[in-house]
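In full-length UniProt numbering, the protein residues as written are 1 to 129.
Structure, as structure tokens:
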Amino acid sequence: MTVDEMLAAARSRLDRVGPEGARELQERGALIVDIRPEANRAAEGEIPGSVVIERIHLEWRLDPAGSHRLPQVRPELPVVVVCNEGYASSLAAADLQRLGLRATDLDGGFRAWAAAGLPVREGPTPAVP
Numbered sequence: 001m002t003v004d005e006m007l008a009a010a011r012s013r014l015d016r017v018g019p020e021g022a023r024e025l026q027e028r029g030a031l032i033v034d035i036r037p038e039a040n041r042a043a044e045g046e047i048p049g050s051v052v053i054e055r056i057h058l059e060w061r062l063d064p065a066g067s068h069r070l071p072q073v074r075p076e077l078p079v080v081v082v083c084n085e086g087y088a089s090s091l092a093a094a095d096l097q098r099l100g101l102r103a104t105d106l107d108g109g110f111r112a113w114a115a116a117g118l119p120v121r122e123g124p125t126p127a128v129p
């Protein structure tokens, strides 16, 4: 299988959202999870209210049954994963679905959010350890 095939398979299971859809979900209580590297967050900013979790820690912090999960994580909590342009986030969101989460990703990533003129805060916020 190629990475393009992996991406297509991941996206076939996701109900991806655009910037406005992600904002609406966030306003209704969804968790926005930023998995971008610190350098990108420092240069471009972050989505206000998002939680920064480096990709290497993602499943451990969001596994609803895990002992290292964030306290607010529950299987019914919608999660929107954000990367730079919406590729790595699709793969990550599909992994989170396998853990039983209602996960999806931001189509176009953080850059689509910023291009839509939605609020951006200065970064980088320290990632959840």
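No residue lacks a Cβ here, since even glycine has one placed at the ideal position from N, Cα and C.
For residue i, count neighbouring C-beta atoms within 10 Å of its own C-beta (all shown protein chains included) and say buried if the count is 16 or more, exposed if not.
i          : result
residue 24 : exposed
residue 46 : buried
residue 30 : buried
residue 67 : exposed
residue 3  : exposed
residue 34 : buried
residue 19 : buried
residue 41 : buried
residue 22 : buried
Given a cut-off of 9 Å, decide if residue j and residue i are closer than it, judged by their beta-carbon atoms.
i           : j           : result
residue 85  : residue 55  : no
residue 9   : residue 94  : yes
residue 52  : residue 114 : no
residue 129 : residue 38  : no
residue 26  : residue 49  : yes
residue 28  : residue 78  : yes
Measuring alpha carbon to alpha carbon, tell me which of the options ends up nearest residue i.
i           : options               : result
residue 108 : 88, 28 and 70         : 88
residue 36  : 71, 118, 122 and 82   : 82
residue 106 : 76, 65, 122 and 11    : 11
residue 15  : 117, 97 and 62        : 97
residue 122 : 22, 43 and 32         : 43
residue 13  : 116, 117, 120 and 100 : 100
residue 7   : 63, 60 and 92         : 92
In terms of residues, what are the limits of the beta strand (DSSP E) holding residue i?
i           : result
residue 102 : 102–105
residue 31  : 31–34
residue 79  : 78–82
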